[in-house]
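Reading the sequence shown from the start, the letters are residues 222 to 344 in the working numbering.
Below is one structure, written out as structure tokens, with a few remarks after it.
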Amino acid sequence: MAFPTDRKYSSDHEWIAEDGTVGITDFAADALGDVVYVDLPEVGSEVTAGETCGEIESTKSVSDLISPVTGTVEEVNDDVVDAPETVNSDPFGAGWLFKVNVEEEGELLDAAGYEELTAGGGQ
């Protein structure tokens, strides 16, 4: 699996782009199965790197959404709330989840580091 090199990745399988856009990786989307519901943080709320900020529910399970950064939520992707399957079909594009005004990054990996993390099946 090749991961976009224009963003950073958490060991919890979220990605963050330079502009503060956050999503989950295709590795995570594949592991979850068919996503049927997303619960995203509210605009204006504070998120903290490494802490739960929402949930993603699939036909298999419910998983916590872990913020890769600390900051204030500036925007949420209402299209994903209305059509959560977009997380599966386009996790690095239209399936983005929310945007953050980043104050501090958590422990993040580059694409090569994340690829190495997931090469053995991930965590």
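Note that beta-carbon positions come from the ideal geometry of N, C-alpha and C, so glycine has one too.
Between the CA atoms of residue j and residue i - distance to the nearest angstrom
i: residue 312; j: residue 231; result: 15 Å
i: residue 226; j: residue 331; result: 7 Å
i: residue 249; j: residue 338; result: 12 Å
i: residue 333; j: residue 224; result: 8 Å
i: residue 317; j: residue 341; result: 25 Å
Cβ shell of residue i (< 7 Å), same chain only, five flanking positions each side left out
i: residue 260; result: 275 and 276
i: residue 306; result: 255 and 256
i: residue 270; result: 288, 289, 290, 291, 325, 326 and 327
Environment of residue i [buried if 16+ CB atoms lie within 10 Å]
i: residue 322; result: exposed
i: residue 263; result: exposed
i: residue 282; result: exposed
i: residue 284; result: buried
i: residue 246; result: buried
Coarse secondary structure for residue i, derived from DSSP in three states
i: residue 339; result: helix
i: residue 259; result: strand
i: residue 322; result: strand
i: residue 238; result: strand
i: residue 310; result: helix
i: residue 301; result: helix
i: residue 329; result: coil
i: residue 271; result: coil
i: residue 233; result: coil
i: residue 334; result: helix
6 Å CB neighbourhood of residue i in its chain, flanking five on each side removed
i: residue 325; result: 291
i: residue 315; result: 307
Sequence-distant residues of the same chain with beta carbon closer than 8 Å to residue i, five excluded per side
i: residue 239; result: 227 and 228
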